[in-house]
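2 protein chains.
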Amino acid sequence: MKDVINDLKISCSQCSLGDICIPRGLSKTEVKTLSDVVKQKTILYQNEYIYRQGDKFKGIFAIQTGMAKLVTIDPNGDEHILSILLPGELLGFDGLGDTHSCSAIALNTINVCELPRNRIEQACHKVPNLTYELFRHSSDILNDTQTHLVTAKLSGEQKIAKFMLDLSNRLQARGFSKSEFRLPLTRNEIGNHLGLAIETVSRLLKQLQQKKLLDIQLREVTILDYDGLMQIAHKDSNEEV
Amino acid sequence: MKDVINDLKISCSQCSLGDICIPRGLSKTEVKTLSDVVKQKTILYQNEYIYRQGDKFKGIFAIQTGMAKLVTIDPNGDEHILSILLPGELLGFDGLGDTHSCSAIALNTINVCELPRNRIEQACHKVPNLTYELFRHSSDILNDTQTHLVTAKLSGEQKIAKFMLDLSNRLQARGFSKSEFRLPLTRNEIGNHLGLAIETVSRLLKQLQQKKLLDIQLREVTILDYDGLMQIAHKDSNEEV
DNA sequence: CGTATTATTGACTCCATTCAAAGATAGTGG
DNA sequence: CCACTATCTTTGAATGGAGTCAATAATACG
Numbered sequence: 002m003k004d005v006i007n008d009l010k011i012s013c014s015q016c017s018l019g020d021i022c023i024p025r026g027l028s029k030t031e032v033k034t035l036s037d038v039v040k041q042k043t044i045l046y047q048n049e050y051i052y053r054q055g056d057k058f059k060g061i062f063a064i065q066t067g068m069a070k071l072v073t074i075d076p077n078g079d080e081h082i083l084s085i086l087l088p089g090e091l092l093g094f095d096g097l098g099d100t101h102s103c104s105a106i107a108l109n110t111i112n113v114c115e116l117p118r119n120r121i122e123q124a125c126h127k128v129p130n131l132t133y134e135l136f137r138h139s140s141d142i143l144n145d146t147q148t149h150l151v152t153a154k155l156s157g158e159q160k161i162a163k164f165m166l167d168l169s170n171r172l173q174a175r176g177f178s179k180s181e182f183r184l185p186l187t188r189n190e191i192g193n194h195l196g197l198a199i200e201t202v203s204r205l206l207k208q209l210q211q212k213k214l215l216d217i218q219l220r221e222v223t224i225l226d227y228d229g230l231m232q233i234a235h236k237d238s239n240e241e242v
Numbered sequence: 002m003k004d005v006i007n008d009l010k011i012s013c014s015q016c017s018l019g020d021i022c023i024p025r026g027l028s029k030t031e032v033k034t035l036s037d038v039v040k041q042k043t044i045l046y047q048n049e050y051i052y053r054q055g056d057k058f059k060g061i062f063a064i065q066t067g068m069a070k071l072v073t074i075d076p077n078g079d080e081h082i083l084s085i086l087l088p089g090e091l092l093g094f095d096g097l098g099d100t101h102s103c104s105a106i107a108l109n110t111i112n113v114c115e116l117p118r119n120r121i122e123q124a125c126h127k128v129p130n131l132t133y134e135l136f137r138h139s140s141d142i143l144n145d146t147q148t149h150l151v152t153a154k155l156s157g158e159q160k161i162a163k164f165m166l167d168l169s170n171r172l173q174a175r176g177f178s179k180s181e182f183r184l185p186l187t188r189n190e191i192g193n194h195l196g197l198a199i200e201t202v203s204r205l206l207k208q209l210q211q212k213k214l215l216d217i218q219l220r221e222v223t224i225l226d227y228d229g230l231m232q233i234a235h236k237d238s239n240e241e242v
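Below, the structure is given as structure tokens:
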């Protein structure tokens, strides 16, 4: 039975996330070489850790199915959700310094692929372009984090609108519906991620719903008006309507 | 004359920032090899650009003397100061994806060293550890950005206190006084960086001054009470005094 | 010396938080 | 299958921190 499961595992070559995930930018031959080094598909259930803050660098991971969150605990002991990870997205770069500066936690049942620490050098040697691609991914993550930093200055309504549009876009890029999806987070987690109180999140969602920009029943989101949401997300506070 | 100036340029081997800058983690031999590849000391004056948002990736730079800021312009056309760079700090990783996602601008007269794009591969080949060290630097920068994200949720007073302590610590690590330094930013820039209105910055600085935690005359800062500042920076808003 | 930039201060407003309570949902065991 | 509980969400009212507007003051610069 175990063999059957192993056989069912999808190698990088067969994976549909090729143009997003680690294989991005690599030739077919290179991806095949990569497949032998990448540890395929570890299954993890909700609230299980991919790695923990303080762990020695474990390696670079990729979400294959499901979603995860990156969480850091500050010196006060407060948790902060730094990012949400969708299929094809890489994580682990926070640990390259030596130890992981945040924890990666499954938001639902997920499959993760792993490029373990002790095989990275070997992999980069066998696939020279991989080094460059890893730098690119690392740079992309840095840029996303900087974008989040800019978002942190916006009004609550803008934060929520941007968050929803961002999720929608990223889901679409992965072949999911861009207009209907299930939020992987509680109101509390959304608030934590965006720097808002849970009550504010609830009120703002209601407000967007009343404006007919989106519909949300518990965690089921339907985007109704992209232009409307983008207008809110990008409206300059100094600019009159 | 030009030769004299060239001779005065400090190679990585001689530079005092060795344990902070690119040479960090490399052996003496490796640093020597590196010196031949790194372009030494370009001088730039206040408000001059090291690279611009939108530029094709130019390379990895290091501040040798002076300070710089990383600035991005959002879709609304608003500027955001993402970080302040001190001597020995690296920049340019935001461009590894392909084009630079932000601009790097001199805050005063600076000297920058450059590892140009087209020499990085060669350098990493000659000095294999360099690849790993660049990943580490990239990871450090990511972690700093994530820390800034956490800071963005704090109160104004906490932001200012953290900002001052952070500057103080980083200056000390580079051999400068940790208690007295000249702010490289206007109140406006501080506010922009921390997500506060200029008036709020002014008021909060006055407040910290009245509490005798620091003294500030225009741009000249004297830290008076580290413990006091740390207490403010780390005080949990849910925790009673 | 005069102008432009930068910084301070006060008064007022408003967005988001906090506190408090009730309502809805999902999961558990009898 | 229903009752029970824990968790999550919504809603209201009151408060407060930071923003905005407006004016003055201080500093730097040519």
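Note that the protein sequences, when read in sequence, are chains A and B.
Residue numbering for the first sequence is 2 to 242, as defined by my numbering.
Residue numbering for the second sequence is 2 to 242, as defined by my numbering.
Think of the CB as a built atom: it goes at the ideal place given N, C-alpha and C, for glycine as much as any other residue.
Which residues in chain A sit within 7 Å of Leu-153(B), going by Cβ to Cβ distance?
Note on residue identity: the sequence assigns Ala, not Leu, to residue 153(B). Result: Leu-150, Ala-153 and Gly-196.
Can you find the residues in the same chain that come closer than 8 Å, C-beta to C-beta, to Lys-179(B), ignoring five residues on each side of it along the sequence?
Ser-169, Asn-170, Leu-172, Gln-173 and Ile-224
Where does the unbroken alpha helix (DSSP H) through Ala-153(B) begin, and where does it stop?
Here Ala-153(B) belongs to no alpha helix (DSSP H), and DSSP marks it neither H nor E.
Using a cut-off of 7 Å between C-beta atoms, extract the partners of Arg-204(A) located in chain B.
In chain order: nothing, as chain B lies at least about 19 Å away.
Select from Ser-156(B), Phe-182(B) and Ile-44(B) the residue whose C-alpha is nearest the C-alpha of Gly-192(B).
Ser-156(B)
Length of the line joining the Cα atoms of Leu-91(A) and Ile-21(A)
9 Å
Within the continuous alpha helix (DSSP H) that includes Asp-228(B), where are the two ends?
227 to 235
DSSP on Phe-58(A), reduced to helix/strand/coil?
coil
Are the CB atoms of Gly-67(A) and Leu-116(A) within a distance shorter than 7 Å?
Result no, Cβ atoms of Leu-116(A) and Gly-67(A) do not sit closer than 7 Å.
Span separating the alpha-carbon of Ile-23(B) from that of Tyr-46(B)
Cα-Cα distance, rounded: 23 Å.
Apart from the five residues just before and just after Ile-142(A), which ones in its own chain have a Cβ nearer than 7 Å to its Cβ?
Phe-94
Where does Gln-208(A) fall in DSSP's three states?
helix
Where Glu-241(B) falls: helix, strand or coil (DSSP):
Only weak support exists for where Glu-241(B) lies, its pLDDT of 39 falling under 50; the value from the coordinates is given anyway. Looking at Glu-241(B) - three-state DSSP - the assignment turns out to be coil, as it is neither helix nor strand.
Looking at the structure shown, is Asp-4(A) part of a helix, part of a strand, or coil, going by DSSP?
Residue placement at Asp-4(A) is poorly supported in this model, since its pLDDT is 46, which falls under 50; the coordinates are not used for a value here.
Can the beta-carbon of Arg-220(B) be found closer than 7 Å to that of Leu-184(B)?
yes
Using the Cα positions of Val-222(B) and Gln-210(A), report the straight-line distance between them to the nearest angstrom.
49 Å
Looking at the C-beta of His-101(B), does it have a partner C-beta in chain A at a distance below 7 Å?
Not an interface residue.
Which class does Arg-175(A) belong to by DSSP, given the choice of helix, strand or coil?
In the structure shown, the three-state DSSP call for Arg-175(A) is coil.
Would you verify that the beta carbon of Asn-119(B) is, or is not, closer than 7 Å to some beta carbon of chain A?
no
At the level of alpha carbons, what is the spacing between Ser-140(B) and Arg-120(B)?
21 Å
Alpha carbons only, please: which of Val-202(B), Phe-177(B), Asp-75(B) and Leu-131(B) is nearest the one belonging to Phe-164(B)?
Val-202(B)
Please tell me whether Leu-1(A) and Gly-229(A) are closer than 7 Å, where the distance is taken between their beta carbons.
Look at the range of chain A in this structure, 2 to 242, and you will see that residue 1(A) is not part of it.
Beta strand (DSSP E) containing Cys-125(A): first to last residue?
No beta strand (DSSP E) holds Cys-125(A); the alpha helix (DSSP H) holding it covers 118 to 127.
Hey, is Asp-237(A)'s beta-carbon within less than 7 Å of any beta-carbon in chain B?
Closer than 7 Å: yes.
Element boundaries [beta strand (DSSP E), containing Arg-183(B)]
181 to 183 is the span of the beta strand (DSSP E), which, as asked, contains Arg-183(B).
Unbroken beta strand (DSSP E) run spanning Glu-49(B), endpoints:
Here Glu-49(B) belongs to no beta strand (DSSP E), and DSSP marks it neither H nor E.
Count the other CB atoms within 10 Å of the CB of Glu-1(A); is the residue buried (16 or more) or exposed (fewer)?
Residue 1(A) is absent from the structure shown; chain A starts at 2 and stops at 242.
What does a CB cutoff of less than 8 Å around Leu-86(B) pick up in its chain, not counting 5 residues either side in sequence?
Ile-64, Met-68, Ala-69, Lys-70, Leu-71, Leu-92 and Ala-105
Is any beta-carbon of chain B found at less than 7 Å from that of Ser-139(A)?
yes
Local Cβ density within 10 Å of Asn-189(B), reported as buried at 16 or more and exposed below that:
exposed
Which chain B residues sit within Cβ distance under 9 Å of Met-218(A)?
Note on residue identity: the sequence assigns Gln, not Met, to residue 218(A). Correct list: empty, because the minimum Cβ distance to chain B is about 29 Å.
Along the chain, where does the beta strand (DSSP E) that runs through Thr-223(A) open and close?
221 to 224
Ser-36(B): first and last residue of the uninterrupted alpha helix (DSSP H) it sits in
That run of the alpha helix (DSSP H) goes 29 to 38.
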